[in-house]
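Participant:
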Amino acid sequence: MFSIRQERLFSLEEILEMSPRESYPLLLDPLDITPLLRVVSKKAFLGAPTTLNYSAMIYSLFIRVIERIPTIKDLRKRLKNSLEFRFDCGFTMADAVPSESSYSKNQWFFCFGKNSK
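For what it's worth, full-length UniProt numbering labels the leading residue of the sequence shown as 1, then goes sequentially.
1) Would DSSP call S82 helix, strand or coil?
2) Could you tell me if I66 is buried or exposed, where buried requires 16 or more neighbouring beta carbons within 10 angstroms of its beta carbon?
3) Could you tell me whether the stretch 68–84 touches the stretch 29–36, using the rule of 3 or more Cβ pairs below 8 Å?
4) Grouping DSSP H, G and I as helix and E and B as strand, with all else coil, what is residue 127?
5) Measure the C-alpha to C-alpha separation of F91 and R68 and round it to an integer number of angstroms.
6) Go through its chain and collect everything with a Cβ distance to K80's Cβ below 8 Å, but skip five positions before and after it.
7) Along the chain, where does the alpha helix (DSSP H) containing L61 start, and where does it finish?
8) Please determine, among P70, I63, E14, the residue with the shortest C-alpha to C-alpha distance to D29.
9) With a threshold of 7 Å, establish whether the CB of R76 neighbours any heavy atom of the ligand SAH.
10) Can you check whether the CB of C89 is closer than 8 Å to the CB of Y59?
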């Protein structure tokens with residue numbers, strides 16, 4: 001098996017010197033979440049509300065891992081209590097914090113795809 005060496009985007013020292021607020025864009029901007037958005041995009045009027053900010057949900061799931069937030073319940077609590085964290089994840093003031101079921105459904109789709117059940 002071959003190993004392809006990638007260029008470093010930034011050094012470990014640079015990350016450690018930054019605040020989390022500065023490091024999130026460095027870590028998340030290179031990610032192409034378009035395929036994930038296609039999986040969770042709303043195509044019917046039935047089911048989950050169409051007002052969910054799916055891109056912010058995806059980013060918040062990545063940030064959950066980075067911040068070592070153990071559960072979706074804890075992630076939702078942090079999103080409700082910290083405006084700064086909400087903005088870092090990409091939510092706006094008009095966006096409601098997604099329910100645990102919305103997060104759970106989307107995690108299923110990310111792992112297995114829409115056609116797997």
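For glycine and all other residues, C-beta sits at the position ideal for the given N, C-alpha and C.
Facilitator: Based on what the coordinates show:
1) Against the sequence shown, residue 82 aligns to sequence position 82. Three-state result, S82: coil.
2) As a first step, residue 66 must be located in the sequence shown, where it is residue number 66. Classification for I66: exposed.
3) No, the stretch 68–84 does not touch the stretch 29–36.
4) Residue coverage of the chain in this structure runs from 1 to 117, which leaves residue 127 outside it and unanswerable.
5) Translated into the one-based positions of the sequence shown, residue 91 becomes position 91. Translated into the one-based positions of the sequence shown, residue 68 becomes position 68. Cα to Cα, F91 sits roughly 19 Å from R68.
6) Position 80 of the sequence shown, counted from the start, is the residue given in the question as residue 80. So the qualifying residues of the chain are V97.
7) Here residue 61 refers to the residue found at position 61 of the sequence shown. Run containing L61: 54–66, per the alpha helix (DSSP H) assignment.
8) Counting from 1 along the sequence shown, the entry for residue 29 is found at position 29. If we check each option's Cα against that of D29, I63 comes out closest.
9) This structure lacks the ligand SAH, and indeed carries no ligand of any kind.
10) Counting from 1 along the sequence shown, the entry for residue 59 is found at position 59. Counting from 1 along the sequence shown, the entry for residue 89 is found at position 89. Against a cut-off of 8 Å, the Cβ pair of C89 and Y59 comes out as a contact.
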